[in-house]
Amino acid sequence: MDAVHLRYRRDHVSAFGFTFCHRFPRLILEHDHFFFQTAMQNCAKPQVRIRIQGPEAIMDENNAISVIENLIETCKDGQKGYQDAAAHTKRSDLKSFFNEQSLERARFAGELEAELVRLGKPDKKVSGSASAAMHRAWIDTKVALGGGDKTILESVEAGEDNAKETYEKALVSTLPGNVMEIVRRQAESVRRAHDTVRSLRDAAKAAA
């Protein structure tokens, strides 16, 4: 049997009528017969997976981004609120507690901002809310007019009421699994801080 010369093409057609893959098979001449050796895995074409998002998936992602943005705003409000409270109080124990909480809320905001990046929002910058800024200015005025630690703690408690509510809403929303784990952990810390502030406020009220 004469050898058959095949021109190189992406798909090679043999004299026997079947197609070889784009990697040319190894030909071995033995006793005037061709024996073809080719690894089938070499002929396997790469599989392309196409992910098509439906309206529901897009809505879930947009909702997750909105929830995370609200949490970041709340954390930054808490960060600034605690920082402001620490600057006004004269009690060392309160100052230490407020500063610790301010740093923690800043860390929480950073964790959530990292999740925004993973969801494709790397340039999204979220700041504190205008209402929280106005509330801090109002407290500054009250403290300047003679309000003491009770006034400061009442202000912080109001902020923590809002933070607790925001996290509770986030916990019943649709979030990716890894984000929900972060939110649960942060929510527990916010709840503990809320309860501590309430106890401190009650003690300050009783001492007044």
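Quick note on our numbering: the sequence shown kicks off at 67 and runs consecutively.
Every residue, glycine too, gets a C-beta built ideally from N, C-alpha and C.
According to the DSSP assignment, residue 157 belongs to no alpha helix (DSSP H), since it is labelled neither H nor E.
In this structure, the alpha-carbon of residue 128 lies about 46 Å from that of residue 272. Counting only the Cα atoms, residue 140 lies some 16 Å from residue 245. Per the Cβ contact rule, the region 236 to 251 is not in contact with the region 157 to 168 (fewer than 3 Cβ pairs under 8 Å).
If you ignore the 5 residues before and after residue 257, its C-beta comes within less than 7 Å of the C-beta of 230, all in its own chain and listed in chain order.
Residue 175 counts as buried, since at least 16 other C-beta atoms from the protein chains shown sit within 10 angstroms of its C-beta. In this structure, the CA atom of residue 225 is about 9 Å from the CA atom of residue 148. In the three-state reduction of the DSSP assignment, residue 178 falls in the helix class, which pools H, G and I. In this structure, residue 138 keeps its C-beta atom at 8 Å or more from the C-beta atom of residue 185.
Taking the Cβ atoms as the reference, residue 220 lies roughly 6 Å from residue 267, within the contact range of under 8 Å. For residue 255 and residue 242, the gap between their C-alpha atoms comes out near 20 Å. In the three-state reduction of the DSSP assignment, residue 225 falls in the helix class. Per the coordinates, the alpha-carbon of residue 260 lies some 30 Å from the alpha-carbon of residue 187. A distance below 8 Å separates the beta carbons of residue 126 and residue 240.
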